[in-house]
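Going down the list, the sequences are from chains G and V. If you count the first sequence from 1, you need to add 11 to reach our numbering. If you count the second sequence from 1, you need to add 103 to reach our numbering. Don't be surprised by glycine CBs; every beta carbon is placed ideally from N, CA and C. Since this is a predicted model, take the numbers as computed values, not measurements.
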Amino acid sequence: MPTLTFIEHNGTLHQVHGEVGQSVMQAATFAMLPGIQGDCGGACSCATCHAYVDEAWVDRFPPVAGTEDEMLDNVSERRANSRLSCQLVIEEGMDGLMVHLPASQY
Amino acid sequence: MTLNSVVIVGAGQGGFQVAASLRQEGYQGAITLIGDEPGLPYQRPPLSKAYLLGKISATALLFRPMDFYTQQNIELVHDQAVAVDRNNRQVRLASGRAVPYDHLVLAMGAHNRPLSVPGADAHGVFGIKTKADADELAPLAKEARHVVVVGAGFVGLEFAAVAAANGATVHVLELGDRPMARAISREMSDLFRAAHEAWGVHFEFRQGIGQILSEGGKVSGVVTAEGKTLPADLVVYGIGVIPNVQLALEAGLDIDNGIKVDSNLLTSDAHISSLGDVASFPCIQNGQKPLRLESVQNAVDQGRAIAARLVGKPAPYTALPWFWTDQGNLKLQIAGMSMGYDNTVALGTPESGQLSVLCFRDDQLVAVESCNRPGDHMAARKILARPPRLTPAEAQVPGFELKAWEAANRD
Numbered sequence: 012m013p014t015l016t017f018i019e020h021n022g023t024l025h026q027v028h029g030e031v032g033q034s035v036m037q038a039a040t041f042a043m044l045p046g047i048q049g050d051c052g053g054a055c056s057c058a059t060c061h062a063y064v065d066e067a068w069v070d071r072f073p074p075v076a077g078t079e080d081e082m083l084d085n086v087s088e089r090r091a092n093s094r095l096s097c098q099l100v101i102e103e104g105m106d107g108l109m110v111h112l113p114a115s116q117y
Numbered sequence: 104m105t106l107n108s109v110v111i112v113g114a115g116q117g118g119f120q121v122a123a124s125l126r127q128e129g130y131q132g133a134i135t136l137i138g139d140e141p142g143l144p145y146q147r148p149p150l151s152k153a154y155l156l157g158k159i160s161a162t163a164l165l166f167r168p169m170d171f172y173t174q175q176n177i178e179l180v181h182d183q184a185v186a187v188d189r190n191n192r193q194v195r196l197a198s199g200r201a202v203p204y205d206h207l208v209l210a211m212g213a214h215n216r217p218l219s220v221p222g223a224d225a226h227g228v229f230g231i232k233t234k235a236d237a238d239e240l241a242p243l244a245k246e247a248r249h250v251v252v253v254g255a256g257f258v259g260l261e262f263a264a265v266a267a268a269n270g271a272t273v274h275v276l277e278l279g280d281r282p283m284a285r286a287i288s289r290e291m292s293d294l295f296r297a298a299h300e301a302w303g304v305h306f307e308f309r310q311g312i313g314q315i316l317s318e319g320g321k322v323s324g325v326v327t328a329e330g331k332t333l334p335a336d337l338v339v340y341g342i343g344v345i346p347n348v349q350l351a352l353e354a355g356l357d358i359d360n361g362i363k364v365d366s367n368l369l370t371s372d373a374h375i376s377s378l379g380d381v382a383s384f385p386c387i388q389n390g391q392k393p394l395r396l397e398s399v400q401n402a403v404d405q406g407r408a409i410a411a412r413l414v415g416k417p418a419p420y421t422a423l424p425w426f427w428t429d430q431g432n433l434k435l436q437i438a439g440m441s442m443g444y445d446n447t448v449a450l451g452t453p454e455s456g457q458l459s460v461l462c463f464r465d466d467q468l469v470a471v472e473s474c475n476r477p478g479d480h481m482a483a484r485k486i487l488a489r490p491p492r493l494t495p496a497e498a499q500v501p502g503f504e505l506k507a508w509e510a511a512n513r514d
């Protein structure tokens with residue numbers, strides 16, 4: 012079971028257990044983390060699961076494209092490592108994945 | 104009055120949200136979440152698409168794992184509420200248990216309008232509402248060769264797309280003259296009609312269902328209202344829902360196409376709130392006229408609003424309605440309420456499959472429908488949440504883009 016590290020914008024660290032095949036969004040909401048809402052449940056329809064994948068891990072996921080890309084254009088403070096975490100699937104070997112949370116989803 | 108116990112009837116999207124938001128807001132009293140389905144509370148939208156296709160697991164449907172309810176001290180009760188005793192402020196359950204409340208939240212949702220034609224009790228005739236429905240339907244949907252869908256609304260068309268992708272012959276019977284007529288503009292309907300037809304779906308518009316034929320108890324065909332027979336080994340209907348108001352009705356609460364609530368989502372009893380599919384609320388996007396919305400956004404935002412009020416932060420409910428449906432490779436997103444629109448401006452083209460239809464009423468933007476233009480949808484949500492300013496004339500200027508306009512017109 013991979014352990015994920017989420018870092019709030021104020022620096023607070025959260026260690027969270029994820030399941031292989033689960034989305035990073037659901038790992039966060041299941042662990043009741045503040046800062047990730049995931050209102051639409053993972054359908055890439057609401058853009059309330061915005062997060063920044065740590066630079067060291069960016070290349071481990073397929074690049075941003077399509078719907079996710081356009082949705083991200085409207086989040087506050089999009090950066091090069093911005094993702095909608097519902098679109099990131101946890102895979103084998105992702106133990107230690109580090110994700111930074113934005114100050115706000117709006 | 105101090106609030107020591109909140110009882111929530113209905114553990115769907117809205118009921119769950121009230122419980123989760125109450126804890127997020129710091130409420131420390133008792134929370135009892137009563138649901139009549141087995142298992143943990145789950146999301147329904149994937150039932151007619153991703154879950155049915157096997158793209159997501161049963162775990163992915165859950166709002167939260169079991170630990171959440173334990174750690175957050177939310178008592179999850181699998182039972183049916185059968186009566187509300189408003190004088191003594193308690194809910195009576197089918198098991199005989201009486202659950203006292205300081206505040207009660209009614210979030211019973213809605214049930215599918217039944218298909219009331221001869222033969223509808225045959226095996227292989229489905230509405231999709233619960234996970235149990237989807238679990239029973241999924242293997243049949245994979246095997247089915249001839250599918251008839253009754254109703255060209257969101258759920259019916261989501262399933263039609265699934266069935267066509269599975270290689271079945273699909274006929275859709277619809278009383279109206281176009282897909283999703285109740286929800287979207289003709290321009291957008293036309294795009295979806297063409298897309299479904301390209302996937303092999305056959306539409307029968309202005310056509311009701313007469314009866315369902317069966318052999319050995321299993322569905323074998325459908326006879327349309329006009330007498331045309333279509334072969335079918337699977338029938339799925341999505342012909343609207345009926346709000347589950349019985350409990351509220353018997354408790355003497357005001358009902359108006361749903362449990363009637365005020366702008367604070369309070370019923371005619373100040374100790375009882377209601378939300379989601381079952382509640383009829385004064386909608387500011389509908390000129391404060393009562394409206395009942397069946398959507399995730401509505402349940403989530405109303406759940407948050409009720410939780411906030413219960414911890415002493417009341418505010419009238421004004422959130423902008425938004426909706427989505429995924430059909431095949433098309434994502435339709437709707438922001439706002441288009442009722443009574445009298446003018447449209449289209450961005451993109453139907454041929455490209457990327458189209459946004461801006462709906463105006465009295466020259467004010469009231470809704471934006473976007474197909475595979477999620478950037479437009481997100482910009483529209485921001486624009487529609489503010490006082491109206493965008494005019495049809497501006498939107499018709501060649502090269503107009505919602506996102507750029509939104510960025511240039513922030514307060």
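Proximal residues to residue i (C-beta, below 6 Å), its chain only, five neighbours per side dropped
i	result
GLY115(V)	GLY212
THR91(G)	The question names Thr, but residue 91(G) is Ala in the sequence shown. The answer is none, since no qualifying residue turns up.
VAL273(V)	VAL250, ALA263, ALA266, ALA267, VAL304
ALA201(V)	GLN193, ARG195
Residues sharing a beta bridge with residue i, DSSP
i	result
LYS392(V)	CYS386(V)
THR428(V)	LEU435(V)
PHE463(V)	ASN446(V), LEU468(V)
ARG492(V)	Looking at the DSSP assignment, ARG492(V) forms no beta bridge with any residue, so it has no partner.
GLU178(V)	THR135(V)
GLY451(V)	LEU458(V)
PRO193(V)	Just to set this straight, residue 193(V) is Gln in the shown sequence, not Pro. Beta-bridge pairing links GLN193(V) to ASP188(V), PRO203(V).
SER441(V)	In the DSSP output, where bridge partners are listed per residue, SER441(V) has none listed.
LEU487(V)	In DSSP, LEU487(V) forms no bridge with anything.
HIS299(V)	Paired residue(s): none; HIS299(V) is not in a bridge.
HIS111(G)	ILE18(G), TYR63(G)
LYS363(V)	SER383(V)
ILE409(V)	Bridge partners of ILE409(V): none, in fact.
ILE375(V)	LEU207(V)
SER398(V)	SER398(V) is not bridged to any residue.
Nearest neighbour of residue i, chosen from the options [CA to CA]
i	options	result
ARG147(V)	THR494(V), ILE159(V), PRO221(V)	ILE159(V)
SER34(G)	MET109(G), VAL100(G), LEU108(G)	VAL100(G)
ALA153(V)	LYS434(V), ARG248(V), VAL414(V)	LYS434(V)
LEU394(V)	PRO501(V), ALA411(V), SER473(V), LEU368(V)	LEU368(V)
ASN432(V)	ARG489(V), ALA122(V), ALA301(V)	ALA301(V)
LEU44(G)	PRO144(V), GLY138(V), GLN127(V), VAL265(V)	GLN127(V)
GLU504(V)	ARG492(V), GLY478(V), PRO490(V)	GLY478(V)
ASP429(V)	VAL228(V), LEU260(V), THR327(V)	LEU260(V)
PRO149(V)	ALA410(V), VAL112(V), PRO141(V), ASP238(V)	ASP238(V)
ILE287(V)	LEU378(V), LEU207(V), GLU472(V)	GLU472(V)
GLN193(V)	LEU450(V), GLN183(V), LEU207(V)	LEU207(V)
ARG71(G)	GLY104(G), TYR117(G), LEU24(G), HIS25(G)	GLY104(G)
ASN107(V)	PRO203(V), GLY502(V), GLN174(V), GLY138(V)	PRO203(V)
VAL403(V)	ARG492(V), LYS331(V), ASP380(V)	ASP380(V)
GLY29(G)	ASN21(G), ALA39(G), PRO113(G), VAL75(G)	ALA39(G)
LEU108(G)	VAL64(G), GLY32(G), GLU19(G)	VAL64(G)
Proximal residues to residue i (C-beta, below 8 Å), its chain only, five neighbours per side dropped
i	result
ASP445(V)	PHE463, ARG464, ASP465
GLN37(G)	GLY49, GLY53, CYS97
ALA449(V)	GLU290, LEU458, SER459, VAL460, LEU461
LEU125(V)	VAL109, ILE134, ALA410, LEU413, VAL414
ALA453(V)	The displayed chain sequence assigns Pro, not Ala, to residue 453(V). Same-chain partners within the cutoff: GLU290, ASP293, LEU294, ALA297.
7 Å Cβ shell around residue i - same chain, five flanking residues per side excluded
i	result
ASP106(G)	PRO13, THR14
GLU66(G)	ASN92
VAL265(V)	LYS152, LEU155, LEU156, ALA244
MET442(V)	ASN389
CYS51(G)	CYS57
GLN26(G)	THR14, THR16
Chain B residues whose Cβ lies nearer than 9 Å to that of residue i
i	result
ARG167(V)	This model lacks chain B altogether; the protein chains it does include are G and V.
The ligand PLP heavy atom lying under 6 Å from the CB of residue i
i	result
PRO13(G)	Ligands displayed in this structure: none; no statement on the ligand PLP is therefore possible.
(message) Three Cβ pairs or more, each shorter than 8 Å: is that satisfied between the segment 378 to 386 of chain V and the segment 216 to 227 of chain V?
(response) no
(message) Could you check whether the segment 330 to 340 of chain V touches the segment 277 to 284 of chain V, counting it as contact only if at least three pairs of C-beta atoms, one from each stretch, sit closer than 8 Å?
(response) no
(request) Report the residue ranges of all beta strand (DSSP E) runs contained in full by the segment 302 to 361 of chain V; include only those spanning at least 3 residues, in chain order. (result) 304 to 308, 312 to 318, 321 to 327, 332 to 334, 337 to 340, 344 to 346
(message) Check whether the segment 389 to 398 of chain V and the segment 411 to 422 of chain V touch, using three or more Cβ-Cβ pairs below 8 Å as the test.
(response) no
(message) At 3 residues or longer, what runs of the beta strand (DSSP E) sit wholly inside the segment 197 to 277 of chain V?
(response) 201 to 203, 206 to 209, 213 to 215, 228 to 230, 249 to 253, 272 to 277
(message) List, from N- to C-terminal side, the alpha helix (DSSP H) runs of 4 residues or more that fit wholly inside the segment 14 to 101 of chain G.
(response) 35 to 41, 77 to 83
(message) Can you confirm whether the segment 76 to 83 of chain G touches the segment 39 to 58 of chain G when touching is taken to mean that 3 or more C-beta pairs between the two stretches lie within less than 8 Å?
(response) yes
(request) Pair every Cβ in the segment 307 to 314 of chain V with every Cβ in the segment 219 to 235 of chain V, then say whether three or more of these pairs are closer than 8 Å. (result) yes
(message) As an exercise, report each continuous alpha helix (DSSP H) stretch of at least 4 residues that is fully enclosed by the segment 106 to 172 of chain V, in chain order.
(response) 116 to 127, 161 to 164
(request) Say whether the segment 160 to 170 of chain V touches the segment 239 to 252 of chain V, bearing in mind that this needs 3 or more beta-carbon pairs closer than 8 Å, one atom from each stretch. (result) no
(message) Assess contact between the segment 164 to 180 of chain V and the segment 117 to 131 of chain V, defined as three or more Cβ pairs (one per stretch) separated by less than 8 Å. Is contact present?
(response) yes
(message) Is it the case that the segment 342 to 361 of chain V contacts the segment 177 to 192 of chain V, given that we only count it when at least three CB pairs across the two stretches are under 8 Å?
(response) yes
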